[in-house]
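Following: one structure in structure tokens, then a few remarks.
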Amino acid sequence: MQNQQQPAIALRFKRKVNAPLQGKVDVPESEERAGNEHIRELLRAFGLRTSLIRLKVIDALHLADRNGRSIGVRGIHTQLEQLDIPLSFLSVREVLKRLCAEGVISMGIDKCYSLNPEARALLEHGYSR
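Residue numbers (my numbering): 45 to 173.
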């Protein structure tokens, strides 16, 4: 028996190759690495390996923090989808749980996440843990 939902799911995660970039700029890998170096340092300080999903999740949390708010799993997942990063909702949730367990972020009673003060300070000022 064939799964009728399979093609729809596969199409959802295909990158739109011919679609216009709509304000997105291709950034050389070396510049992207330099732009994420503060997040890489944060992950190293907390003893975590660097991964694309961790970089993007922390970047979304840092942006929300700079705007004075916290953000939930759905908000982060939506931001990643808008950046054409095909990650499942469950993957984002698991990364958030791991970052919570390691003390990088915390979850509020409203089930929204925010950077812990130590992580925030490291991203803003670059101090060593």
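All C-beta atoms in this analysis are idealised placements derived from N, C-alpha and C, irrespective of residue type, glycine included.
Ranked by how close their Cα comes to the Cα of proline 130, the residues Arg142, Glu146, Glu138, Ile97 have Ile97 in first place.
Under the 10 Å beta carbon count, leucine 134 is surrounded by fewer than 16 other beta carbons and is classified as exposed. A check of alpha carbon separations from aspartate 103 across Gly147, Leu86, Gly152, Arg142 identifies Leu86 as the nearest.
The C-alpha of glutamate 138 is placed about 24 Å away from the C-alpha of asparagine 111.
Taking 4 residues as the shortest admissible run, the segment 82 to 109 contains no complete alpha helix (DSSP H) segment at all. Close CB contacts of threonine 94 within its chain, under the 6 Å cut and outside five residues either way in sequence, are with Arg84, Leu87 (chain order).
For leucine 159, the beta-bridge partners assigned by DSSP are Ile149. Taking all protein chains in view, the Cβ of glutamine 123 is crowded by 16 or more other Cβ atoms within 10 Å, so the residue is classified as buried.
Here isoleucine 115 is bridged, per DSSP, to Tyr157. Take the alpha-carbon of glutamate 125 and the one of serine 114: they are about 18 Å apart. By the Cβ-count criterion, histidine 169 is exposed, with fewer than 16 other Cβ atoms from all chains shown falling within 10 Å of its own Cβ. A check of alpha carbon separations from isoleucine 149 across Gly79, Asn80, His106 identifies His106 as the nearest.
Apart from the 5 residues on each side of it in sequence, leucine 143 sits with its Cβ closer than 6 Å to the Cβ of Ile149 in its chain, given in chain order.
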